[in-house]
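**Student:**
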Amino acid sequence: MGLKRVLACGIAAVLLAATLVFQFARQERPAGAIRLQDVTRKTGIAFQHTDGSSGRRYIIEAMSAGLALFDYNSDGLVDIYFLNGAPLLGTQVDVAPRDALYRNEGGWKFTDVTEEAGVGDTGFGLGVTVGDYDGDGDPDLYLNNSGPNVLYRNNGDGTFTDVTAQAGVGNGSLVGAGACFFDMDADGDLDLYVGNYIDFRYDLHVQRTFNGFPVYSQPRDYLPVPDTLYRNDGDGTFTDVSRESGVASQAGTSMGMVSADYDRDGDTDVFVLNDVGRNFLFQNDGAGRFQEVGTVAGAAYNLYGYENASMGVDCGDYDNDGWLDFFMTSYAGELPVLYRNMGGGLLEDVTLLTGAGSGSYSYVNWGTGLVDLDNDGDRDIFIAQGHLEDNVELWNDSTEYRVRNTLLMNTGDGKFVNVSDSSGDGMLPKFSSRGAAFDDLDNDGDVDVVIQNSRERPTILRNETRNSNHWIQIRLRGAGGNQDGIGAQVT
């Protein structure tokens, strides 16, 4: 069969390594054909997440727990970077928590190399993205924090240098939740889109209760803010072009975002999820100026014309028609949304039609992946889930704080089937999960899963799906500053 995969996706908070695994062959799809095994204990990963809980329920507490998978030392093995929270006002700790980098040693063994690599940031981490911004062949790391952000330049020797001030991408004291590297103006180097969540300061904190129980405040309790767009100047520095690019024309509550050439006009657009607000779809004019077309394109609202409490997002061609589709997660009591790309710049919500929301309505959805987990040539859906209110069971008997994650298998005919109960012991534990990242951690040709769990240790899932389907691995190399070929198409 012919194969075409469009790779023009740059994912905020979760950026896959430049080595890409493609799957071929149409096979029968028995229920539960995907098998995910929990190998967390075997890995030696001892990372423990904290959200800085102070008892005051600051809104940013429940949002922490992002991660990234990337081969930081170019040894052919995918490594893991975990974000952590930080002490908030009213919290006292003996040792400040920090982010952590774990080097993949092979054989499902990982070593904490945070200190020697120099990437142990102690800010309140909310989003992370990876990209070779300086075009030297090594992946660099950008952290979106509550407060000053951090850009770590990869030195190529297993260490990183904090070049935030030199590069000019600290983003002030804004609270961010996601970011992505992409080439906005087709000049061959990677620019940086930084999502900004709300105008949050301790003196603006809103205390809320529900049925007499303390709960977190809501995004609408604070002012929305525009996102930030940094243009890469090609000399190690960036210029803030938010206003002239058109991005600053919209103020929102950005959570997740993804860059993709959704309209197939040869330039990269940006789809931004807003928490309890309409989504933004910034259409690129080819010269690095953007027009917000979310409402016109059909991506601002769900099928019923409502705003979602949008969380995580991924893009991919789920129906293999050559157009990139979007899948986004949402809050409890709302379905996640699968936007099918109809071409012509238009998208439609096909969640109910496809079954893409099966099993997720009662839970808060966070990180997600539109990835092929069974090597059958189409993309399945993984959703990390867990409530943000740790006391939710006291006032809502329809959900729990810790829940199981959801796995939806693509049946190949435009539909999805919930196979969470029959896809291995990795789908059975209950956590309050947040971020999820996907890559081949053991180079065996299938995609594995890493999940960040709030206030707990992460979960590492080895893909043990067994079938006769084939795969090929391709490593992209750009000719210019965009060494990893972000935004490229493989046909």
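Here the sequence shown is numbered in the numbering used here, starting from 108 and rising by one per residue. Glycine included, each C-beta is placed from N, C-alpha and C at the ideal position.
#1: Quick check: asparagine 211 and valine 237, are their CB atoms within less than 8 Å of each other?
#2: Secondary structure at glutamine 155, three-state DSSP: helix, strand or coil?
#3: Any idea what DSSP makes of leucine 248, helix, strand or coil?
#4: For asparagine 601 and aspartate 382, what's the separation of their Cα atoms in angstroms?
#5: In the DSSP assignment, the beta strand (DSSP E) including threonine 268 goes from what residue to what residue?
#6: How should arginine 148 be labelled, buried or exposed, when 16 other C-beta atoms within 10 angstroms of its C-beta is the threshold for buried?
#7: The alpha helix (DSSP H) that contains glycine 401, what's its start and end?
#8: Assuming threonine 236 is part of the beta strand (DSSP E), what are its boundary residues?
#9: Going by DSSP, what residue range makes up the alpha helix (DSSP H) through serine 352?
#10: Is there contact here, the region 301-309 with the region 402-410, by at least three beta-carbon pairs under 8 Å?
#11: Report the residue from Gly213, Gly214, Thr229 and Tyr209 whose alpha carbon sits nearest the alpha carbon of valine 220.
#12: So what does DSSP say about tyrosine 304, is it helix, strand or coil?
#13: Exposed or buried, which one is glutamine 314 when buried takes at least 16 other CB atoms within 10 Å?
#14: Straight-line CA distance for leucine 583 to glycine 592?
#15: I need the straight-line Cα distance from phenylalanine 289 to aspartate 504, nearest angstrom please.
#16: Among Ser530, Tyr508, Leu514 and Asp546, whose alpha-carbon lies nearest the alpha-carbon of serine 540?
#17: Over the uninterrupted alpha helix (DSSP H) stretch that includes leucine 460, give me the two end residues.
#18: Straight-line CA distance for glycine 275 to phenylalanine 345?
#19: Could you tell me the distance, in whole angstroms, from the CA atom of glycine 279 to the CA atom of glycine 230?
#20: With 16 other CB atoms within 10 Å as the buried threshold, where does isoleucine 567 fall?
#21: By alpha-carbon positions, which one of Ile558, Phe538, Leu248 and Thr458 ends up nearest to asparagine 517?
#22: From the DSSP output, read off the bridge partner residues of alanine 416.
#23: Might you give, ordered along the chain, the residues of its own chain that have their beta carbon closer than 6 Å to the beta carbon of glycine 588, omitting 5 neighbours on each side?
#24: Considering only C-alpha positions, which residue in the set Asp481, Tyr425, Ile167 and Asp334 is nearest to serine 361?
#25: Taking the C-alpha atoms as reference points, what is the distance between aspartate 520 and aspartate 426?
#26: In chain order, which beta strand (DSSP E) runs of at least 3 residues are fully inside the region 449-525?
#27: Taking the DSSP output, what are the residues bridged to isoleucine 187?
#28: Rounding to the nearest angstrom, what Cα-Cα distance links glycine 151 and aspartate 370 in this structure?
#29: Using the rule of at least 16 other Cβ atoms within 10 Å of the residue's Cβ for burial, across every protein chain shown, is glutamine 590 buried or exposed?
#30: Please report the distance separating the alpha-carbon of serine 575 from that of glycine 451.
#31: DSSP three-state label for methionine 534, please.
#32: Rounded to whole angstroms, what is the Cα-Cα separation between aspartate 247 and isoleucine 167?
#33: Quick one: residues in its chain with C-beta nearer than 7 Å to the C-beta of glycine 285, no 5 flanking neighbours on either side, listed in chain order?
#34: Can you tell me whether threonine 218 is helix, strand or coil according to DSSP?
#35: Within 10 Å of its beta-carbon, does isoleucine 579 have 16 or more other beta-carbons around it, so buried, or fewer, so exposed?
#36: Opposite tyrosine 446 in the DSSP bridges: which residues?
**Tutor:** With the structure as the only source:
#1: no
#2: coil
#3: strand
#4: Because the chain in this structure spans residues 108 to 598, residue 601 falls outside the shown range and cannot be described.
#5: 267-269
#6: Using a 10 angstroms sphere on the CB of arginine 148, the tally of other CB atoms stays under 16, which defines it as exposed.
#7: 401-404
#8: 231-238
#9: 349-352
#10: Segments in contact, no.
#11: Ranking Gly213, Gly214, Thr229 and Tyr209 by CA distance to the CA of valine 220 puts Tyr209 first.
#12: Tyrosine 304 falls in the coil class under three-state DSSP.
#13: exposed
#14: 6 Å
#15: 43 Å
#16: Tyr508
#17: 458-461
#18: 6 Å
#19: 13 Å
#20: buried
#21: It is Thr458 whose Cα lies nearest to the Cα of asparagine 517.
#22: Asp382
#23: Gly242, Gly295 and Asp296
#24: Comparing Cα positions, the closest option is Asp334.
#25: 7 Å
#26: DSSP runs (the beta strand (DSSP E)) wholly in the region 449-525: 453-456, 472-478, 487-492, 513-517 and 523-525.
#27: Leu176 and Tyr209
#28: 44 Å
#29: buried
#30: 37 Å
#31: helix
#32: 25 Å
#33: Listed in chain order, the non-local C-beta contacts of glycine 285 below 7 Å within the same chain comprise Ala119, Ala120, Gly234, Asn251, Gly302, Ser361, Met362, Gly363 and Met364, local neighbours out to five positions each way being set aside.
#34: strand
#35: exposed
#36: Phe433 and Asp456
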